[in-house]
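Protein chains in written order, with numbering that gives the first Met the number 0: chain V, 0 to 290; chain R, 0 to 309; chain B, 0 to 291.
Scroll down for the structure; my scribbles are underneath it.
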Amino acid sequence: MSAHTLDLKNRATGDKIRGRLFYALLLVSVTVGFVLLGTLLVDVFRKGLPFVDGILLTEPPSAVPERAGARPAILGTIYIMGLLLVMAVPIGVGTAIYLEEYANREKWYNRLLELNIQNLAAVPSIVYGILGLAFLVRGLGLGRVTLAGAMILTLLVLPIVIVASREAIRAVPDSIRQGAYALGATQWQTISRQVLPAAIPGIATGSILALARAIGETAPLILVGALTYVAFDPTILGPFTALPIQIYQWIARPQEDFRLLAAAAIIVLLVILLTMNAFAIWLRNRYQRRW
Amino acid sequence: MATSDLTAGAQPLGLRAERRRFGEDAIKGIFALCALVSVLTTVGIVAALLLPSIEFFQEVSLVEFFTETRWAPLFSNASFGVLPLLVGTFSVTIWACLVCMPFGLGAAIYLSEYARPRARRILKPALEVLAGIPTVVYGFFALTFFTPFLQDLGLDVGVFNALSAGIVMGVMLVPTVASISEDAMSAVPQDLRDGAYGLGASRLQVSTRIVVPAAISGIVASYVLAISRAVGETMIVLIAAGQLARITFDPREAIETMTAFIAATGIGDVPTGSTAYKTIFAVGLTLFCITLVMNVISIRLVRKYREIYE
Amino acid sequence: MSEMERAHIAPVRIGSVDERILTERQERVVNQRRDVLFTVEDLTVSYAGVPALKNVSLDIYKNFITAFIGPSGCGKSTFIRCFNRMNDLIPTAAVQGTVRYHGADLYAKDVDPVEVRKRIGMVFQKPNPFPKSIYDNVAFGPRILHMRGSLDERVERALRHAALWDEVKNRLKASALSLSGGQQQRLCIARCLAVEPDVILMDEPASALDPISTTAIEDLMHDLKQEYAIVIVTHNMQQAARVADMTAFFSVEVDQERDHRTGILVEYDTTPTIFTQPADKRTEGYVTGRFG
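Following this line, the structure appears as structure tokens:
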């Protein structure tokens with residue numbers, strides 16, 4: 000009755016070849032990104048490693064490549080990181096707490112809020128720069144200062160902190176909340192003593208990743224802090240620069256040596272990012288509770 | 000009776016409860032204020048873009064903006080046709096899509112249908128690393144390595160060109176496409192695959208004829224999101240694609256995208272309040288509208304595939 | 000009245016059996032020619048080293064309906080999936096022993112599982128039509144296997160065979176998901192038939208369906224038996240008594256020390272024998288409802 004022969008071993012060669020070809024294409028797809036990444040890293044290190052030294056880390060930039068350093072930029076990046084920690088994390092976690100613990104999902108304004116956050120996550124980063132330019136720099140009269148840059152970056156990474164915090168809070172089983180309520184705890188007591196402590200590892204991991212993302216952002220800072228030549232240490236209410244901006248400025252210089260300096264600064268930036276990401280992963284693995 | 004006893008007993012407790020409730024409400028208010036920040040952000044963005052743009056379009060007509068073919072806002076003989084910027088953005092985006100769409104889908108199919116669980120656990124986060132590299136680094140790579148590389152291949156590209164920026168951007172976007180597409184494919188129920196395997200279909204056939212069609216709305220959502228990201232990307236094009244606004248589809252030439260224009264003008268010292276200054280906002284508004292439409296489409300598509308299978 | 004009709008009018012009750020039906024079936028089965036289709040020799044299946052089923056040996060015959068029954072966890076589903084190498088899709092599964100199909104070893108090193116599955120059809124517990132049109136569901140198999148001849152004819156033939164043609168012939172382009180549960184399962188059977196296998200494996204095909212659809216599927220099995228061999232897994236003893244010619248009873252062996260539950264084949268014989276004169280005490284316990 001069967002329409003097929005009893006040859007169980009040989010699939011039609013056409014089919015087999017197509018199968019193998021397809022598999023090869025899939026492998027290429029997966030590896031193309033890594034090949035590029037590898038090439039990029041090798042290239043950057045080859046160009047920049049010779050320039051990574053004390054001068055880079057401690058000296059201000061100069062018109063002479065040999066004497067130029069990225070000190071203001073590194074300090075600027077550190078200040079911004081600190082300001083972000085103080086601004087983005089509380090607001091982001093607060094929003095997450097509101098959405099997860101207090102907000103009634105049925106109400107239209109809460110659903111609009113969620114949609115709004117989803118949209119903000121996908122707005123191009125340069126639009127945040129325009130926002131900063133319009134309101135902070137010229138509108139509020141803050142001027143092109145570190146604080147303005149940090150505030151704009153806060154708004155940029157807020158959705159990331161919110162999403163990560165929400166997931167961490169959501170992962171806490173409801174039974175824990177029920178147990179607390181049954182004992183007569185108020186909502187805030189339950190949140191502050193049971194839910195938040197349990198969610199802290201996830202929140203911390205998410206915050207560090209958000210910070211790492213912010214550190215690498217250039218476009219908004221270009222609009223908000225765009226003094227071309229910052230050769231002094233930045234202050235919170237003064238003009239500033241940051242590593243990505245310094246990198247860009249060096250790339251834009253015609254002399255070849257500045258390109259190499261840019262590569263060196265990239266190495267510093269990548270090392271900072273790698274450390275932050277590794278720390279976040281370590282945090283997650285060390286403190287992640289498995290319910 | 001029983002009720003009045005209860006009420007009598009509740010009286011001394013009444014005050015305590017009210018005080019506690021006030022504290023609770025205050026706390027809830029604080030968190031709601033936090034949530035308000037994101038609302039204010041959107042309002043701020045819309046206002047920041049809209050108000051100056053309205054002024055701008057009182058000086059430059061919408062018709063001129065969208066039909067003039069020359070973009071030269073800073074010249075004495077100024078021209079405000081945004082088409083060159085749109086074409087520049089489009090040109091780079093096309094090349095980025097030609098890279099990220101097939102490779103992203105391929106990577107997703109591999110992860111979802113072919114890879115063993117251990118390989119998947121390593122590869123999926125590894126791909127995310129690609130997405131975490133700052134765009135200024137990609138721009139550096141495109142300018143200082145990839146463009147000379149293309150030149151070595153004999154491609155006759157300029158120092159600044161759309162091709163180099165587009166391809167590098169495409170590779171940067173592969174994780175975006177792969178991640179969302181793979182999520183959509185994982186949501187396809189296993190018994191659909193079993194039905195096809197049971198009929199004697201090969202893995203290639205099951206992947207392409209059953210899984211991909213079933214996950215199509217998620218895959219398209221990932222494509223739309225990738226386009227949106229490509230359109231909104233600044234540093235790669237600012238560094239590697241050039242700042243020469245003109246209408247050309249030849250990828251070997253330098254062009255200027257909307258984002259690069261905004262960045263370059265923002266850096267420069269354009270007098271506040273001048274028409275040239277307001278171009279930042281007009282172009283920004285155009286950019287924002289384009290990405291907004293695409294993001295809404297993408298979100299709707301993701302919701303659609305989630306509904307079907309969850 | 001056909002045997003099937005009588006089986007449905009006088010349903011088998013747990014603990015008691017309609018003697019007449021089973022006697023007639025016994026006569027027919029005992030005299031029917033036994034063409035061996037599958038030979039299973041000492042089969043053991045393990046998941047990640049833990050045996051789920053061990054030392055099973057039996058023969059499956061053409062034009063018979065063979066049922067695997069037994070309590071849950073006894074490995075019936077695992078066993079039936081060995082016949083078309085569906086267990087290959089589970090990374091932790093390992094198969095030892097032999098399964099011969101028309102004499103050829105299915106698990107030989109150079110055998111391609113895809114080729115195996117082209118010849119052996121499978122219907123699953125929950126109907127799993129593809130999210131495509133009715134026509135495209137049935138046409139899927141012939142298309143991917145590059146079968147020659149008119150596709151329209153194949154689709155119609157398969158749908159007629161599955162007793163679904165009259166209900167869908169005017170809406171072949173409609174989505175398969177618009178059909179009822181019973182219709183969807185018959186569609187899955189039609190899909191299976193379109194590939195022209197010579198045996199159809201059914202893993203609890205009616206357990207997700209209502210009683211009326213179940214009756215339709217059982218009647219269909221009886222018809223299909225004329226041309227195909229049918230192997231079904233069922234947890235419903237009455238169903239086995241109604242449709243099966245041969246019945247294999249599986250049970251669970253518990254390894255207390257290592258906390259393993261492994262399935263074993265207890266008894267394999269004609270259905271009437273299993274239900275009225277089982278040789279093993281465990282079989283008797285199960286079919287009379289004392290356990291399982």
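All C-beta atoms in this analysis are idealised placements derived from N, C-alpha and C, irrespective of residue type, glycine included.
Return the residue from the list Glu255/V, Asn109/V, Leu242/V and Ile90/V that minimises the CA-CA distance to Ala163/V. Ile90/V
Using DSSP bridges, identify the partner residues of Thr38/B. Asp58/B and Arg99/B
Under 7 Å from the C-beta of Glu23/R: neighbouring residues of chain V: Thr185, Gln186 and Trp187
At least one CB of chain R closer than 8 Å to the CB of Cys81/B: is that the case? no
Where Asp104/B falls: helix, strand or coil (DSSP): strand
Which parts of the stretch 179-235 of chain B are runs of the alpha helix (DSSP H), unbroken and 4 residues or longer, counting only runs that do not cross its ends? 180-192 and 210-223
Let me know if His160/B comes out buried or exposed under the rule of 16 or more other beta-carbons within 10 Å of its beta-carbon. buried
Using the beta-carbon count (16 or more within 10 Å), is Leu237/R buried or exposed? buried
Apart from the five residues just before and just after Ala95/R, which ones in its own chain have a Cβ nearer than 7 Å to its Cβ? Gly165, Met168, Gly169, Leu172 and Ala229
So Ala175/B packs on Lys131/B, CB below 8 Å; how close in whole Å? 6 Å
Phe65/R burial status per 10 Å Cβ neighbour count (16 or more: buried): exposed
Which word fits Tyr227/B, buried or exposed, when buried means at least 16 other C-beta atoms lie within 10 angstroms of its C-beta? buried
Coil, strand or helix - His259/B by DSSP: strand
With 9 Å as the C-beta to C-beta threshold (strictly closer), list the residues of the stretch 138-171 of chain B near chain R in chain order. Phe139, Gly140, Arg142, Ile143 and Leu144
Mind checking the stretch 205-229 of chain R against chain B and listing, in chain order, the residues whose C-beta falls within less than 8 Å of any C-beta there? Arg208, Ile209, Pro212 and Ala213
Near Lys15/V, which residues of its chain fall below 7 Å by C-beta distance, leaving aside the five closest residues on each side in sequence? none
Who are the near neighbours of Ala239/R in its chain, counting only those whose CB is closer than 6 Å to its CB and skipping five residues on each side? Gly138, Ala141, Leu142, Ser163 and Ala164
Given a cut-off of 8 Å, decide if Val167/B and Val154/B are closer than it, judged by their beta-carbon atoms. no
State whether the stretch 267-279 of chain V contacts the stretch 60-67 of chain V, with contact taken as three or more CB pairs (one from each stretch) at a distance under 8 Å. no
Relative to the alpha-carbon of Met121/B, which residue among Thr282/B, Val194/B and Met245/B has its alpha-carbon at the smallest distance? Val194/B
For Val251/B, which option in Glu23/B, Pro271/B, Cys81/B and Leu52/B has the closest C-alpha, if you only look at C-alpha atoms? Leu52/B
Please report the straight-line C-alpha distance between Tyr109/R and Gln276/B, rounded to a whole angstrom. 54 Å
Which residues in the same chain as Val253/B place their Cβ atom closer than 7 Å to its Cβ, once the five residues preceding and following it in sequence are excluded? Arg260
For Thr256/R, decide whether its Cβ has a neighbour in chain V, counting only Cβ atoms nearer than 8 Å. no
Residues in the stretch 133-147 of chain R with C-beta within 8 Å of chain V's C-beta atoms, listed in sequence order? Pro133, Thr134, Val135, Val136, Tyr137, Gly138, Phe139, Phe140, Leu142, Thr143 and Phe144
Are the stretch 128-144 of chain V and the stretch 67-76 of chain V touching by the rule of at least three beta carbon pairs closer than 8 Å? no
Can you list the residues of chain B that Ser201/R reaches, using a CB-CB cut of under 7 Å? Val113
According to the Cβ coordinates, are Arg24/B and Thr246/B closer than 8 Å? no
Tell me whether the beta-carbon of Ala262/V lies closer than 8 Å to the beta-carbon of Val43/V. yes
List the residues of chain R whose Cβ lies closer than 7 Å to the Cβ of Leu88/B, in chain order. Tyr196
Could you name the residues of chain B that Pro116/R contacts, counting a contact when the two beta carbons are closer than 9 Å? Pro90
Thr217/V CB to nearest chain R CB: under 8 Å? yes
Tell me the rounded alpha-carbon separation between Ala200/R and Phe145/R. 42 Å
Per DSSP, which one or two residues make a beta bridge with Trp249/V? None, per the DSSP bridge assignment.
Span of the beta strand (DSSP E) around Ile119/B: Ile119 to Val122
Taking the straight line between their C-alpha atoms, what separation do you get for Ala189/B and Gly105/R? 33 Å
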